[in-house]
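So the structure is just underneath, and the comments pick up after that.
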Ligand code: ADP
Ligand code: ADP
Ligand code: ZN
Ligand code: ZN
């Protein structure tokens, strides 16, 4: 059926996860969006089927021996796919950046900048030209020899080592010293060296204090331990070690975590005195381009970096600079011009990181591939959405196909092709409702996407609530905020808006429990609920404790003497020991990223055979962990302790998640909603301030409605909710809006407008206002 001229990717019989034997044809060389409510199966189709199959073929082609691995990992459940190009995935989850990676390394811009310094930098007279490696703090050739390229060094101070200078050494003035025998030993050595160990520390001569704390000398003296009257000790040879030396050695070498933690209390980190925090060796810092060192250029926001490079004199410099500037351009277009090359990736949001990777792809020179993206609009202000579409169009123009899982309706409208999956989540979804031009979705009545995309029902008019007080935050001077003072009304729902990098997260990060009026503060962020596959929503919400108690209380468990611990996969006893309860084992392959395969013994069940002989209402504990929240809510309907947490999970739109789905497989948005559910379930008394950073990430507009109903419910119950949001429907439905900007980085950081939504929608100079006006009725 397939000819090389067939312009379609044709998927036949896709059954991954909840997909119901899906057949779908998607044209190549277009921007195609995949839509549908959360859990409908979009990712199962785009990532789990199309991308996974492309990946499988790639493995097979580069390494025939990978066949065995693929067999273990399991090929996607699909009868066949034709017309499938190689695929590149830019997925938000499961991409843990290392702490040494930065904006510069992720985008490869650092390489280009180093090349420029190596080939066309201004060197001091007589200096040898350096290799481009010598400009990288991550190589032996470039790293500052003092701090090994870390930029900071550990030091200690007299104030830290001696917190109470009114004490004598005998009374324990040197808090950093070890206790018991070792401490007494050091004190006796000092006495033997002629120091007065009975005078208050502050009365000792400065030179003595300095020597005692900081010397690198290690004199050996004969100690006569006289003062322990009741025990007779013989003289011995003792070696002195200064307090600093002791702390550093313990911190660096001790095998005891407790001792290391104690030592750390006496350390502070300070910028490296040799490289000044730039992490580079002096020879590299002596080279300049346009009058600045590479460290100085790497600290500039990208918009300024492009300007600072100026118009170079030499031809080599011109070529290299032009290349660099053209690589910076798409990053700036995607609203990330406020970032600097030296910004560490762990400080970036998942959305920022994905857009950086996306911008980088524009210069990869790849063509004929299919890019698969996961909600690239996450964290993006509506003002920057057009730029996102332009970038997707450019990838397409370069001869690629672009498949995007996306909820943002402007991105959906701008696509060439739409694949709508649904109609519901989990077993209520898994069908392709529409695959064709966007406009034709209007004819599909059962599509939730259609309802929101065309002639949406206006949100029910809601009275703006009156605040019950105010919370003053600031003045804040941090990142790009300069002495900003913000007022947050209490007892209402506030939306904080502004383009990416305008300072929203920085501002709300200043809200703390000790501010007057806050009461309890609950921050619901997008950080993972756990870093290992051992955490999942059941363990996080406490639901799993209930489940294990139910299993332990069955007759079968009792007669075998199985307690609650038997049903844990985290401790030996009931779990499968081959995989130690993980359900899968890691497979290392030469030249390929290591990957996971289901455990050969338990087949992914995580438990040993005896444990699985115990059932509760006909299901094993492994089968219960495999239930979706929705199915579990039915299964446990008459067990309130389980039904309550499950109910709140349903409320925040997570009915499609399986109880045992590992934390590492959850998106940031899902993690955030699990935390929210865990909070809701507690039912706080007294005033609580809830702080949420873009809670609508990953949510279909239909799910956003459900979530917002919950958040407004919290306000109606007397609490305060503050959200950072880009979804203008959510902003329009808030009681108060605080708009930051106008731009990102140094072009932002001010409060541009504050007021009820109708006021902010009319505010002059606000980038948000025009987008807010569009949705206000
Ligand atoms: P969407 O991308 O539309 O939010 P998904 O494709 O992630 O939806 O999920 C569709 C269904 O498949 C859901 O019911 C989900 O619980 C289930 N599912 C997702 N990942 C897995 C997995 N690794 N194993 C089993 N079921 C899964
Ligand atoms: P928003 O939340 O509006 O996207 P942020 O508060 O994250 O904006 O960022 C505001 C400014 O502060 C930006 O210029 C950003 O680069 C900078 N910034 C944010 N976090 C850090 C950090 N951890 N280190 C250095 N700069 C930061
Ligand atoms: Zn250094
Ligand atoms: Zn196992």
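Residue numbers (full-length UniProt numbering): 1 to 777.
Where is the CB? At the ideal position from N, CA and C, for every residue including glycine.
Given the structure is predicted, the values throughout are model-derived calculations rather than measurements.
- In this chain, residue 238 is not harboured by any alpha helix (DSSP H); it is covered by the beta strand (DSSP E) spanning 236-239.
- For residue 696, the three-state secondary structure derived from DSSP is coil.
- Going by DSSP, residue 34 is part of no alpha helix (DSSP H) but of the beta strand (DSSP E) stretching over 31-35.
- Assigned with DSSP and collapsed to three states, residue 80 falls in strand.
- Bridge partners of residue 289 according to DSSP: 292.
- Below 8 Å, too few C-beta pairs join the region 308-322 and the region 351-364 to call them touching: fewer than three.
- Closest in alpha carbon position to residue 636, among 597, 573, 667, 546, is 546.
- Here residue 690 carries a strand assignment [DSSP, helix/strand/coil].
- Taking residue 650 as reference, the option from 661, 307, 677 with the minimal CA-CA separation is 677.
- Look at residue 607 here: in three-state DSSP terms it is strand.
- In the displayed model, residue 756 falls within coil according to three-state DSSP, outside both helix and strand.
- Beta-bridge analysis with DSSP links residue 401 to 370.
- Taking all protein chains shown into account, residue 337 has 16 or more neighbouring C-beta atoms within 10 Å of its C-beta and is therefore buried.
- Those residues that have a beta carbon less than 5 Å away from any non-hydrogen atom of ligand 3 are, in order along the chain, 144, 146, 147, 272, 274, 275.
- Taking 8 Å as the cut-off, the Cβ atoms of residue 566 and residue 582 do not count as close.
- It is roughly 32 Å from the alpha-carbon of residue 759 to the alpha-carbon of residue 679.
- Shortest gap from the CB of residue 626 to any heavy atom of ligand 4: 7 Å or more.
- Contact between residue 31 and residue 402 holds: CB atoms are separated by about 5 Å, below the 8 Å threshold.
- The residue from 219, 195, 298 with its alpha-carbon nearest to that of residue 113 is 298.
- By DSSP's assignment, residue 523 forms a beta bridge with 691.
- Of the candidates 176, 153, 109, 176 places its Cα closest to the Cα of residue 161.
- Rounded to the nearest whole angstrom, the CA to CA distance from residue 206 to residue 185 is 23 Å.
- Here residue 604 has 583, 598 as same chain residues with Cβ atoms under 6 Å from its own Cβ, once five neighbours each way along the sequence are excluded.
- Under the DSSP definition of a beta bridge, residue 487 partners with 472.
- Residue 204 and residue 525 have their C-alpha atoms roughly 51 Å apart.
- Counting only runs of 3 or more residues that sit fully inside the region 248-335, the beta strand (DSSP E) segments are 268-271, in chain order.
- Out of 353, 625, 106, 496, the CA that lies nearest to the CA of residue 657 is found in 625.
- Look at residue 404: its beta carbon is at least 7 Å from all of the heavy atoms in ligand 1.
- Linking residue 354 to residue 521 through their CA atoms gives a straight-line distance of about 30 Å.
- With contacts defined by Cβ atoms closer than 8 Å, residue 8 and residue 83 form a contacting pair.
- Following the DSSP letters along the chain, one finds residue 416 in no beta strand (DSSP E), marked with neither H nor E.
- Under the 10 Å beta carbon count, residue 301 is surrounded by 16 or more other beta carbons and is classified as buried.
- Sequence-distant Cβ neighbours of residue 235 in its own chain, meaning closer than 7 Å and more than five residues away, are 222, 223, 224.
- DSSP places residue 434 within a strand segment (E or B) once states are collapsed to three.
- By the Cβ criterion, the region 740-760 is not in contact with the region 709-726, since fewer than three pairs of Cβ atoms, one from each stretch, lie closer than 8 Å.
- Exclusion of residue 766 from the 7 Å shell around ligand 2 follows from its C-beta lying no nearer than that to any non-hydrogen atom of the ligand.
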